[in-house]
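One structure is given below, encoded as structure tokens.
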Amino acid sequence: MKAITNFTTTNFKARIQLMLTIIGVVGIPAIILPFAYDYNPLAVAYNHDIPIWRLSWPFFLPIFITTAIIRWIILKKHSKAEIMLCYILSVAIICVTFSGYVARDGWTWTDDPLSQFAFIAPFVILLFGIFIVLRNRKKLIPKPSGAIVVMQVAYLINCVFCLIGFFGMWQISAYLSLATAIVYFAQLILFLENDKPDKFLHIL
Numbered sequence: 641m642k643a644i645t646n647f648t649t650t651n652f653k654a655r656i657q658l659m660l661t662i663i664g665v666v667g668i669p670a671i672i673l674p675f676a677y678d679y680n681p682l683a684v685a686y687n688h689d690i691p692i693w694r695l696s697w698p699f700f701l702p703i704f705i706t707t708a709i710i711r712w713i714i715l716k717k718h719s720k721a722e723i724m725l726c727y728i729l730s731v732a733i734i735c736v737t738f739s740g741y742v743a744r745d746g747w748t749w750t751d752d753p754l755s756q757f758a759f760i761a762p763f764v765i766l767l768f769g770i771f772i773v774l775r776n777r778k779k780l781i782p783k784p785s786g787a788i789v790v791m792q793v794a795y796l797i798n799c800v801f802c803l804i805g806f807f808g809m810w811q812i813s814a815y816l817s818l819a820t821a822i823v824y825f826a827q828l829i830l831f832l833e834n835d836k837p838d839k840f841l842h843i844l
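So the sequence shown is residues 641 to 844, counted in my numbering.
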């Protein structure tokens, strides 16, 4: 009876993961839609004359996150090369985001409480992500779920920073990004609560 209950609970949570993944797809069109001041991440990404160019690259991550989750659901496997690529991409994106703290035209501490919150939030999310990965990392070989989590954390670090920093000037891309951020946070919580995160991604 207990086994049946556990199976039913896991199956229900797995379907929640699938539903969240589908909702999270809205983060993809957010790349080409205006986020604030009529600028979209795609247009800003290649314009290094704009100081916020480094904030645009993480918005491309939903493409890779959605692809990775769907591939895992359908194929139930990722190659080691794919997993390592996800980790490398995530670390690179995180470095780009945090480079704003040391760049001459980067982020600085101000007296505005909202700006202070935006300044601190990325560090809090980074620590949260490290905690999740270390808590569920039992082997030295990177697991698919861990790679997906790292990409989601990399996205959230930048997305939350942008949402707070541009609060009051949001356009459609910002609202879609907010929805995607909520989805990723929910998936991270589900991942944190699950004892076997890689099996948890098995839907079929």
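C-beta: ideal position from N, C-alpha, C; glycine also. Being a predicted model, the structure only gives us computed values, none of them experimental.
Own chain partners of K720 with C-beta closer than 7 Å, once the 5 adjacent residues on each side are dropped: Residue 720 sits at position 80 when you count from the first residue of the sequence shown. Nothing listed; no residue qualifies.
Proximity of F806 and A814 at Cβ, strictly below 8 Å: Here residue 806 refers to the residue found at position 166 when the sequence shown is read from its first residue. Here residue 814 refers to the residue found at position 174 when the sequence shown is read from its first residue. Yes, they are a contact pair.
Three-state class that DSSP yields for A826 in the structure shown: Counting from one through the sequence shown, the residue named residue 826 turns up at place 186. In the three-state reduction of the DSSP assignment, A826 falls in the helix class, which pools H, G and I.
Own chain, CB closer than 7 Å to Q792, minus 5 neighbours either side, in chain order: Here residue 792 refers to the residue found at position 152 of the sequence shown. Hits under 7 Å: I705, Y824, Q827 and L828.
Between the CA atoms of R655 and V789 - distance to the nearest angstrom: Working through the sequence shown from its first residue, we reach residue 789 at position 149. Working through the sequence shown from its first residue, we reach residue 655 at position 15. Taking the straight line from one Cα to the other gives about 18 Å.
Continuous alpha helix (DSSP H) assignments of at least 4 residues falling wholly in the region 736-817: You should have 753-776 and 784-805.
Touching by the beta-carbon criterion (3+ pairs, under 8 Å), the region 731-745 and the region 707-716: no
Whole-angstrom distance between L830 and A821, CA atom to CA atom: Counting from one through the sequence shown, the residue named residue 821 turns up at place 181. Counting from one through the sequence shown, the residue named residue 830 turns up at place 190. Cα to Cα, the separation comes out at about 14 Å.
Range covered by the alpha helix (DSSP H) that runs through W712: Your numbering for residue 712 matches position 72 in the sequence shown. W712 -> alpha helix (DSSP H) spans L701 to L715.
Beta-carbon proximity list for I672, same chain, < 7 Å, skipping 5 on both sides: Walking along the sequence shown from the start, residue 672 turns up at place 32. So the qualifying residues of the chain are N680 and L682.
Residue from L816, L832, S817 and W810 whose Cα sits closest to the Cα of Y677: Here residue 677 refers to the residue found at position 37 when the sequence shown is read from its first residue. For Y677, the nearest C-alpha among the options comes from W810.
Secondary structure of Y677, DSSP reduced to three states: Counting from 1 along the sequence shown, the entry for residue 677 is found at position 37. Three-state DSSP puts Y677 in coil, outside helix and strand.
heavy atom of the ligand FAD below 7 Å from Y795 C-beta: Looking for the ligand FAD in the displayed structure turns up nothing, as the structure carries no ligands at all.
CA-to-CA distance, Y727 to S817, given in whole angstroms: If you number the sequence shown from 1, residue 817 lands on position 177. If you number the sequence shown from 1, residue 727 lands on position 87. The alpha-carbon atoms of S817 and Y727 are separated by roughly 22 Å.
DSSP-derived helix/strand/coil call for I690: Your numbering for residue 690 matches position 50 in the sequence shown. Coil at I690, not helix or strand.
Cβ distance (whole Å) where P702 is taken to contact G667 below 8 Å: Numbered from its first residue, the sequence shown carries residue 702 at position 62. Numbered from its first residue, the sequence shown carries residue 667 at position 27. Rounded, the Cβ-Cβ distance is 3 Å, consistent with contact.
Cβ contact check for the region 795-804 and the region 685-701: 3 or more pairs under 8 Å: yes
F675 versus I770 - alpha carbon distance: As a position in the sequence shown, residue 675 is number 35, starting the count at 1. As a position in the sequence shown, residue 770 is number 130, starting the count at 1. Answer to the nearest angstrom: the Cα atoms are 28 Å apart.
Cutoff 6 Å; reference F757; Cβ partners in own chain excluding five residues on either side: Within the sequence shown, residue 757 is the residue found at index 117, counting from 1. Result list for F757: I804, in chain order.
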